[in-house]
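Below is one structure, written out as structure tokens; the observations come after it.
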Amino acid sequence: MKQYFVSRNSHSYPIQVNDQLVYISKVSVADRDHPRTMHAHEDLVEVILITQGNGDIFIGNRYFPIKKGDLIVYNSTVVHDELFSSQPVSLYCLAFKQLEQTDLRRNALIPDDIQPIFQTGQQFELLKSWFASAFSLLESEVNGYEQLAQKMSEIILTFLRENTFQKAIKNEIEDHKLAAVRDIKTYIDNHFAEDFKLKDFKEQGRWAINEYYFAHKFKELYAYSPIEYLQRRRIGEAQTMLINTDLSLTAIAHQVGLNSSTYFSTLFKKMVNMTPKEYRMKYTLKEKNQGKEQDSEKDSF
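Numbering follows our numbering, with no gaps: position 255 of the sequence shown is 256.
Dropping the structure here:
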């Protein structure tokens with residue numbers, strides 16, 4: 002994966018009020034061996050264009066099949082998981098903040114109640130060329146490259162808002178039992194660093210749901226048992242911390258609810274196919290104009 006951030010430290014770069022481009026990523030087929038597991042972004046919106054292959058993604062409460070030509074929107078705070086290990090997938094990703102639109106919540110590009118997958122059809126080649134151009138600008142560092150990449154990203158957003166998002170499909174309404182399962186899943190998403198035992202909440206009268214039914218329906222909906230889902234949620238957030246902070250591995254393990262650093266390392270390697278330290282060294286996100294930083298991690302996992 003190649004990822005470049007937009008720096009706004011330069012006095013020559015005008016601070017954008019809305020629709021600020023934060024980074025652009027390009028993911029190749031080779032990256033499927035080191036998956037990006039379940040995570041969410043507090044104040045970022047990601048727009049993904051699938052340029053090759055097919056697979057499955059999990060967004061919010063559902064799995065969706067995706068293929069070449071699909072455009073995906075991850076609104077802020079929405080949990081997502083990408084399952085590309087069985088099929089080669091390539092994509093571009095644009096990340097934005099400061100999204101403000103009168104009919105949407107802050108840092109949302111589409112309504113939360115519509116399906117976040119859009120088929121680009123005849124628009125695919127045009128969109129692909131724009132995504133590729135924005136990425137190439139940040140990669141090349143030509144004069145004014147950050148301003149140009151920002152302008153290109155604004156063109157993409159305008160095009161999507163005026164064309165692609167007009168094809169939105171609303172999600173179906175569910176019965177109350179399934180809604181309870183999804184409600185519990187949302188709780189796990191928001192409290193992943195805490196211990197979770199359904200019986201404790203039943204005793205408090207929060208969720209009156211049969212534990213067997215819950216476990217069965219949870220796996221039916223999300224393809225993982227509740228504990229497996231919680232583990233993926235924790236490892237996904239750990240990946241974010243590894244590539245965006247200088248926290249030690251021990252500190253990260255504690256922040257995601259894994260108090261044993263040895264267990265954290267074992268679970269991480271099982272899911273990501275490399276140790277936390279190897280992952281940090283390979284995928285640490287850096288602004289190009291800041292140069293390569295040395296990994297100061299001292300833990301020996």
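Ideal Cβ positions, reconstructed from N, Cα and C, are used throughout, including at glycine.
Buried or exposed: which applies to Ile228, given that a residue is buried once 16 or more other Cβ atoms fall within 10 Å of its Cβ?
Result: exposed.
Report the three-state DSSP secondary structure of Ile25 (helix, strand or coil).
DSSP places Ile25 in strand when its eight states are reduced to three.
Since Leu22 and Ile58 should fall inside the 8 Å C-beta cutoff, what is the C-beta to C-beta distance between them, to a whole number of angstroms?
Between Ile58 and Leu22 the Cβ distance is about 22 Å, and since that is not below 8 Å, they are no contact.
Close beta carbons around Leu243, own chain, < 7 Å, minus the five adjacent residues each side
Within the same chain, Cβ atoms closer than 7 Å to the Cβ of Leu243 are found at Ile253, Pro277, Tyr280 and Arg281, the five residues on either side in sequence being excluded.
Can you give me the C-alpha to C-alpha distance between Ile157 and Ile118, rounded to a whole angstrom?
About 16 Å.
CA-to-CA distance, Asn211 to Thr285, given in whole angstroms
Straight-line Cα distance between these residues: approximately 43 Å.
Label His81 either buried or exposed according to how many other C-beta atoms from any shown protein chain fall within 10 Å of its C-beta, with 16 as the threshold for buried.
His81 sits buried, since 16 or more C-beta atoms from the chains shown fall within 10 Å of its C-beta.
Looking at the secondary structure, which residues open and close the alpha helix (DSSP H) in which Ala135 lies?
Segment Phe125 to Ser141, the alpha helix (DSSP H) holding Ala135.
Flag this pair as yes or no: are the beta carbons of Tyr5 and Leu179 separated by less than 8 Å?
The Cβ-Cβ distance between Tyr5 and Leu179 does not fall below 8 Å.
How many angstroms separate the CA atom of Ser226 from the CA atom of Phe65?
In this model, Ser226 and Phe65 are separated by some 18 Å (Cα to Cα).
Mind checking Tyr214: buried by the 16 CB within 10 Å criterion, or exposed?
So Tyr214 counts as exposed.
So, helix, strand or coil for Phe97, using DSSP?
Three-state DSSP puts Phe97 in a strand.
If Ile391 and Ala169 are in contact, beta carbons under 8 Å, what's the gap, nearest whole angstrom?
Since the first residue of the chain shown is 2 and the last is 302, residue 391 is not available in this structure.
Applying the 10 Å Cβ sphere with the 16-neighbour rule, what's the burial state of Thr38?
The residue in question, Thr38, is buried, as its Cβ has 16 or more Cβ neighbours within 10 Å.
What whole-angstrom Cβ distance do Lys69 and Gly54 have, given they're in contact under 8 Å?
Yes, Lys69 and Gly54 are in contact; Cβ-Cβ is about 6 Å, under 8 Å.
Any C-beta of chain D under 8 Å from that of Arg37
No chain D is part of this structure, which consists of one protein chain only.
Of the residues Phe269, Met275 and Val74, which one's Cα is nearest the Cα of Arg162?
Scanning Phe269, Met275 and Val74 for the CA closest to the CA of Arg162 turns up Val74.
Using 8 Å as the Cβ pair cut-off and three pairs as the minimum, do the segment 104-111 and the segment 137-153 touch?
Output reads no: the segment 137-153 does not touch the segment 104-111.
Rounded C-beta distance between Glu101 and Asn19? I'm assuming under 8 Å.
Right, their Cβ atoms sit about 5 Å apart.
So the beta strand (DSSP E) Ile51 belongs to, where does it begin and stop?
Start and end: Val46 to Gln53.
Tell me where the alpha helix (DSSP H) around Lys256 begins and ends.
Checking the displayed sequence, the identity of residue 256 turns out to be Gln instead of Lys. Taken as a continuous stretch (DSSP letters only), the alpha helix (DSSP H) holding Gln256 covers Leu250 to Gln256.
Helix, strand or coil for Ile111? Go by DSSP, reduced to three states.
Ile111: coil per DSSP, three-state reduction.
Outcome for Lys27 when other beta-carbon atoms lying within 10 angstroms are tallied against a minimum of 16:
Buried.
Could you spell out the range, first to last residue, of the beta strand (DSSP E) harbouring His81?
Annotation for His81: the continuous beta strand (DSSP E) segment containing it runs His81 to Leu84.
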